[in-house]
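In short: position in the sequence shown from 1, add 5, done, that's the numbering used here.
Heads up, the beta-carbon is just placed ideally off N, CA and C, and yes, glycines get one too.
One structure is given below, encoded as structure tokens.
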Amino acid sequence: MQKGQIEVVTLLGIAVLVIVVVLLAFQSGDVSGPTNVQQLQKRVDDSITNMLEKGAEATLREMELRGGYLEGDAPPGGTVRFVGTDVAVWQACENDFAPTVEELQDTMARGIASYFNTNKASLLDSLKSTNVSIGSPGVAVNIVDNMIDVKASMRVSLRGAATRREYKTAVKTNFKQMHEFASKYTEVATGERFLEVFTVLSLHVSELPVAGVMTECGERLSESPAAVKRKLENVIAYTLSRIIWWKPTEKTTKEPFTYHIEDLMGEQFTRLDIGFFLPDDFRILNANRVDLRNNKDILPGPESMPGFPSVLKKRLNNIRPRLCVNSYEVEYDVSFPAILRVGDALTGHSLNFATQAKIKDNLKGACGAFTPVPPEDTCENLACRADIMVTGKGDLPIKGASVFFGACEVGVTNEGGRVVAPILCGDHEFSVIPQGTDYPPLDRNIHSDSINGTYRLHKYANITVNFRGVRIKQYGPGIPGDDIFDSTCDASESSCPLPSPSPILSGPACGFGPIPPAVTECIVGNITDAFATVTFTDKDNEENTFSVTNVDYDRIPDNCTLVESEDGDDDCLKAGVIDRVSADHIPGGEYKAGAEILKPENQVKFMGGFTGESYRVPEANNTVYAYIPRVVPPANDMLLGDNADDLLAAQFSCMTEFMKSECKIDPFGTGEHFRRTYRLDDSCENLKYLAEAVVCFTGNEIDDMFDEDRSLGAARIECDQGKVKDAFLDKCEIRVIDR
């Protein structure tokens, strides 16, 4: 009995000890026994799986933002900054840098492992146990349709018992389809070069001069480097906003234009939300100035004209009307990045990747660092200094004008129209290029010592020129009524003798007295049978020469040449002659104006003109009539000799002064003159002589206005001179002025 009692007591003691140990274990968090180890293992496994899932989501998010790469990676194509993140370049011109699926899987596995190791300590803290340790994971990623599968294996130790465990998780995403689109776009774009082609097309409908024809002599197109950069940036932004995916190209002339990418290698990704975007702080770094002038005379050289006297070749080159047509093409070099953003509907995020475009001479260029043409002079450490003010109409300051001296940009004028900066020393070309199109550029050669000051720009004028030819005839005893034409004047003569046998007649320009009853007839008519040109030469800078011609080249038949048409029609060029021309390429200001009439027949014939007239082109819309003294086309041999230049200049001067004095017509006027003007002594005898010579003023009207008394032999004619002049004006639209 005693022995049995001792055994019972021993068993009870053991039971109590076990209970105490278990209670202590629960209080310390260290759970032992088969059931408690399983619970701990499940907690550890769930935590690890949850951490892997968070790591997969975070890594995917980072890779989508960075174009398939992680922070610290060095993509082979470089990166572009977008929404504060460096985005990998997948396509640069002809180069394909798109990562493969396998490379993306490896990158994601690396990112998940890094995320897990970085956050493993916080995971262990959440388990509240010192008897759990976790090793570094080995991660494998498989990108499949609508999902990314993640597998990880790692060593896990519970209470000193270590096992290698396998874990799986997945992230729902369209990443596989997004990568298929991006890689196919990259592959196709290296050949098609979508952005370059679309951007060049946009250039042709932009504000920048690209290709065209200038038809006015002196016409100018100019853009400062700052304006070129700004407009190129606008062209690129416009292009990216007008690209349409998965629709056929529409054949339309309507604006705004759109550009279409119909498919990629026959496949369309219609479920993806795709768009082009500009990178952060987008700007064009370099651009060259554009400066085009139309000084290209299209008249062929005299050597191409049959039978043209060799002694006149030099003269024709100097005085022929300036018929200028200059076709131009401006080639632009620009390199720029763009971001393609592909929406992931399953994650709510987007895959970003960059493309690099390069245009060279308006064509697809090879990638590389964009380097502008180096300036002729260095623009650093400049020793001289400029203080320049630029003003416009009303002496108001012009803001934003680019100022250049030599090859260096001085700067851009501020609100007050001023720029102060260091410049090159010495003689250089000085240029001011304002923004917009209201004002033309200013150019002149100047020394750095003389550059400081205020420069007044004159706005472009919208001037309408009406071309009028003025023929001048004289009538009287022994005068045949021929057009006045000087065949003998030279620079040393101030007289204007008429062709023999006509007697010399009056005219203040010639200084000869009248032979009554002399009548001067001035006939104003539209110039429709010849080429007429009015030329304006800046009084301060003879290189700034502008002209307006009465030729509309679009109206001339294609088979028409300067000499004659292919079918022998000498008059084919007349189809292009118009008598009213508007021009908006001439800046306001003071000019020396000249004009010439040229008849292009088998031998070019000069039919009149004037030189050296002062004329102010207003900085506003204006209609002007150009009255050009006209003569019967002379034979070319009238210009033979060494003094041909002086002879023609004397002829023009003489005829101009004769027109001013005899016809009271200035070369330029703002109103229309009467089509016929007669100048004569206002005696009734001369008025009656004129009335008999004018067809519209005959018959009883003569008898009504003139009283003729022949009773004493010699006829005595009386009249009311005022009424007669009014009758001329009313019935014949003829103006009679007194000598």
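With 16 or more other Cβ atoms from the protein chains shown falling within 10 Å of its own Cβ, LYS363 counts as buried. By the neighbour-count definition (other C-beta atoms within 10 Å, threshold 16), SER658 is a buried residue.
Between VAL92 and the set THR628, VAL636 and ALA343, the nearest pair of CA atoms involves ALA343. For the alpha helix (DSSP H) assignment, the uninterrupted runs of no fewer than 4 residues enclosed by the stretch 177-235 are, from N- to C-terminal side, 180-197 and 199-208. Distances from the CA of ILE468 to each of CYS430, PHE541, ARG721 and VAL215 were compared; the closest alpha carbon is that of PHE541. Secondary structure of PHE702 (DSSP, three-state): coil.
The C-beta of THR442 has fewer than 16 other C-beta atoms within 10 Å across all chains shown, which makes the residue exposed.
As DSSP reads the structure, GLY89 sits in no beta bridge. LEU685 has VAL524 and ASP743 as its beta-bridge partners, per DSSP. If you draw a 10 Å sphere on the C-beta of HIS463, you find 16 or more other C-beta atoms in it, and that means buried. In the three-state DSSP reduction, MET270 falls in the coil class, being neither helix nor strand. Cβ neighbours of ASN122 within its own chain (closer than 7 angstroms, five residues either side excluded): SER141.
Within its own chain, the residues whose Cβ lies closer than 6 angstroms to the Cβ of GLU618, once the five positions on either side in sequence are excluded, are ALA598 and PRO672, listed in chain order.
Between ALA600 and VAL539, the beta carbon gap of about 5 angstroms places them in contact (Cβ cut-off 8 angstroms). In the structure shown, ARG560 falls within a helical segment according to DSSP collapsed to helix, strand and coil.
HIS433 is the residue among GLN46, HIS433, VAL176 and SER229 whose C-alpha sits nearest the C-alpha of PHE410. Rounded to the nearest whole angstrom, the C-alpha separation of PHE733 and ARG684 is 13 angstroms.
Annotation: the continuous beta strand (DSSP E) that includes ASP432 extends over 432-438. Boundaries of the beta strand (DSSP E) harbouring VAL146: 143-149, taken from the DSSP string. LEU128 and MET56 have their C-alpha atoms roughly 8 angstroms apart. By the neighbour-count criterion, in which a residue is buried when 16 or more other Cβ atoms sit within 10 angstroms of its Cβ, SER552 is buried. Inclusion of ALA406 and ILE456 in the CB contact set at 8 angstroms is not warranted, their separation being larger than that value. Here DSSP, grouped into helix, strand and coil, assigns GLY82 to coil. Here GLU336 has ASP366 and ASN367 as same chain residues with Cβ atoms under 7 angstroms from its own Cβ, once five neighbours each way along the sequence are excluded.
Runs of the beta strand (DSSP E) spanning 3 or more residues and lying entirely within the stretch 373-428 occur at 389-396, 407-410, 413-417 and 423-428, in chain order.
Taking each of TYR444, ALA388 and THR418 in turn and checking the Cα distance to PRO427, the smallest one comes out for ALA388. Look at SER355 here: in three-state DSSP terms it is strand.
Under the three-state reduction of DSSP output, CYS98 falls in the coil class, being neither helix nor strand. By the C-beta criterion, the stretch 132-141 is judged to be in contact with the stretch 151-167, since at least 3 inter-stretch pairs fall below 8 angstroms. Cβ atoms of GLY72 and PRO80 come within 8 angstroms of each other, at about 7 angstroms. Between the C-alpha atoms of LEU206 and LEU213 there is a straight-line separation of about 12 angstroms.
Pairing VAL424 with ILE403 gives a Cβ-Cβ distance that is not under 8 angstroms.
Residue environment analysis places GLN43 among the exposed positions, since fewer than 16 neighbouring C-beta atoms fall within 10 angstroms of its C-beta. A direct Cα-Cα distance of roughly 27 angstroms separates ASN41 from LYS156. Judged by their CB atoms, VAL233 and LEU208 are not nearer to each other than the 8 angstroms cut-off. Sequence-distant Cβ neighbours of GLU677 in its own chain, meaning closer than 7 angstroms and more than five residues away, are TYR630.
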